[in-house]
Amino acid sequence: MGLSNAEIKKVNRNDILRYLLKADIVSKNRIAHDLELTVPTVTSALKDLQALGLAREDGAMDSNGGRKSMGYRCNKDARYAVGVNIARSSVDLAIVDLSMEPVCKKHERVQIHGQPASYEWLQRFIASAIEETGIGPEKILGIGYALPAIIDESGTQIYGLHEEMDLSWDFYEIARTWFPYPAVLQREAVCAGAAAANDLHLGNAVVYLNLASSVGGAVIRRNEPVDLGINCRKGEFGHLTLVPHGRQCFCGRKGCVNAYCSTDNLSALTDGDLPLFFERLRQGAAAYTAAWEEYLEYLALTIHNLMTCFDENLILGGELAGYLPPYMGMIREKVEAYDHYLKDTVYLSYGVLEFDAASIGAAGHFINQFIANI
Numbered sequence: 048m049g050l051s052n053a054e055i056k057k058v059n060r061n062d063i064l065r066y067l068l069k070a071d072i073v074s075k076n077r078i079a080h081d082l083e084l085t086v087p088t089v090t091s092a093l094k095d096l097q098a099l100g101l102a103r104e105d106g107a108m109d110s111n112g113g114r115k116s117m118g119y120r121c122n123k124d125a126r127y128a129v130g131v132n133i134a135r136s137s138v139d140l141a142i143v144d145l146s147m148e149p150v151c152k153k154h155e156r157v158q159i160h161g162q163p164a165s166y167e168w169l170q171r172f173i174a175s176a177i178e179e180t181g182i183g184p185e186k187i188l189g190i191g192y193a194l195p196a197i198i199d200e201s202g203t204q205i206y207g208l209h210e211e212m213d214l215s216w217d218f219y220e221i222a223r224t225w226f227p228y229p230a231v232l233q234r235e236a237v238c239a240g241a242a243a244a245n246d247l248h249l250g251n252a253v254v255y256l257n258l259a260s261s262v263g264g265a266v267i268r269r270n271e272p273v274d275l276g277i278n279c280r281k282g283e284f285g286h287l288t289l290v291p292h293g294r295q296c297f298c299g300r301k302g303c304v305n306a307y308c309s310t311d312n313l314s315a316l317t318d319g320d321l322p323l324f325f326e327r328l329r330q331g332a333a334a335y336t337a338a339w340e341e342y343l344e345y346l347a348l349t350i351h352n353l354m355t356c357f358d359e360n361l362i363l364g365g366e367l368a369g370y371l372p373p374y375m376g377m378i379r380e381k382v383e384a385y386d387h388y389l390k391d392t393v394y395l396s397y398g399v400l401e402f403d404a405a406s407i408g409a410a411g412h413f414i415n416q417f418i419a420n421i
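If you want the working numbering, it's the 1-based position in the sequence shown plus 47.
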């Protein structure tokens with residue numbers, strides 16, 4: 048069966064709102080042209096969005112002659128969402144508006160333990176950030192928590208947690224008592240991947256490879272919920288076997304991608320200081336050059352394997368992303384050496400978001416949910 052008139056109106060309204068969120072100020076005719084809709088359809092949708100407080104008229108547009116068109120703009124500050132990424136040794140927070148633009152970002156080097164004092168610190172950390180922005184409670188859609196964990200589709204139950212994370216498996220029940228907003232738990236790599244894909248304006252499916260002390264990933268489709276798979280483990284690329292019977296992984300098995308592509312393999316040379324590793328790499332120190340070469344070989348093989356499976360755009364993200372620009376040529380050469388059928392690696396990019404990717408993506412859960420229901 049086809050869509051009803053009400054459903055079609057909702058789809059058009061949704062598409063126009065997403066369009067306005069990416070635009071500055073536009074006319075009805077421009078919206079109609081770009082979205083291949085009729086002007087009356089756009090007019091009706093804009094009236095609905097204005098009634099909801101999500102769009103407004105914003106003066107006349109410039110004209111090359113004839114009557115000037117009225118310009119329209121989205122009220123991006125109509126709603127906000129909060130995202131909190133709890134990593135092994137840090138906490139990141141982002142408060143974003145409807146366009147996913149952060150209005151507040153915070154980063155603290157701290158380890159959260161499954162103890163009341165630690166949870167109280169986290170609660171205060173989030174509360175102070177919200178208070179600092181001056182955003183009214185009625186405008187906050189919810190708080191998303193990103194964790195290095197296997198989490199069910201409802202976003203309430205932890206099925207598996209990184210062994211070095213000391214969190215209660217009832218973390219959702221604990222967190223939802225802190226604030227009068229909806230809460231949701233999500234896998235860190237899923238959040239970071241969604242944020243990176245949105246930031247790069249990539250359409251269709253995107254494979255995201257999160258490169259940090261723990262390797263993860265996700266398959267992202269724009270404006271669609273992430274498919275977590277039948278066991279909520281889809282995208283757990285860090286636990287693909289890269290070298291049979293190879294190095295020990297924290298999961299208990301040997302030879303996992305995580306054992307070779309974790310950034311710990313690099314920062315181990317500098318007592319856990321990844322920036323210092325790259326500083327010494329730039330200085331040409333032999334031990335660091337050798338470690339980087341070895342790392343890139345395993346990374347290239349991992350990329351090749353993922354491309355063989357998915358054949359989609361692939362984003363390299365996570366903590367390593369900020370250090371990749373000078374080395375992308377080297378990475379492309381190594382990947383191309385594994386696959387003689389591909390003429391180039393235009394599908395390969397890196398995320399420009401670093402520490403804040405997962406927190407922005409965690410907040411994005413509520414933004415996308417809100418927009419989809421307009």
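Idealized CB from N, CA, C, for every residue including glycine.
Between Ser136 and Pro195, the C-beta spacing is not below 8 Å. Look at Thr288 here: in three-state DSSP terms it is strand.
Between Gly282 and the set Gly331, Trp216, Val273, the nearest pair of CA atoms involves Val273. Between Ala193 and the set Asn415, Ala409, Gln416, the nearest pair of CA atoms involves Ala409.
For Ile173, the enclosing alpha helix (DSSP H) begins and ends at 163–180. Residues Arg120 of the same chain have their beta carbon placed closer than 8 Å to that of Asp71, with the five preceding and five following residues left out of the count. Annotation: the continuous alpha helix (DSSP H) that includes Gly376 extends over 375–385. For Ala176, same chain residues with a beta-carbon under 7 Å away, outside a window of 5 residues either side, are Leu140, Ile142, Cys151, Lys153 in chain order.
With 16 or more neighbouring CB atoms inside 10 Å of its own CB, Ala368 falls in the buried class. Judged by DSSP in its simplified three-state form, Ile197 adopts strand. Burial is judged here by how many other beta carbons sit within 10 angstroms of a residue's own beta carbon; Ala230 has at least 16 and is buried.
In the structure shown, Pro149 falls within a strand segment according to DSSP collapsed to helix, strand and coil. For the options Val131, Asp144, Thr317, the alpha carbon positioned closest to that of Phe172 is the one of Val131. By alpha-carbon distance to Trp216, the top candidate from Pro227, Leu256, Leu232, Tyr228 is Leu232. The DSSP assignment places 102–107, 117–121, 127–133 as complete runs of the beta strand (DSSP E) inside the stretch 56–133, in order along the chain (cut-off: 3 residues). Here Ala265 is not near Val304, since their CB atoms are 8 Å or more apart. For Asn352, the enclosing alpha helix (DSSP H) begins and ends at 333–357.
Here the alpha carbons of Leu346 and Glu383 stand approximately 12 Å from one another. According to the DSSP secondary-structure assignment, Gly364 is paired through a beta bridge with Asn257.
Taking 8 Å as the cut-off, the beta carbon of Ile362 is found no closer than this to the beta carbon of Ala259. Contact check for Gly189 against Ala242 fails: the beta carbons are separated by 8 Å or more. Here Leu50 is exposed: its Cβ has fewer than 16 other Cβ atoms, across all protein chains shown, within 10 Å. When rounded, the separation of the alpha-carbon atoms in Cys296 and Asn312 is 12 Å.
According to DSSP, Leu395 shares a beta bridge with Leu361. Sorting Leu101, Asp81, Ile205 by C-alpha distance to the C-alpha of Leu68 places Leu101 at the top. About 11 Å separates the beta carbon of Asn352 from that of Leu256, a gap too long to meet the 8 Å contact definition.
For the set Gly263, Glu167, Lys56, Ala332, the Cα lying nearest the Cα of Trp225 is the one of Glu167.
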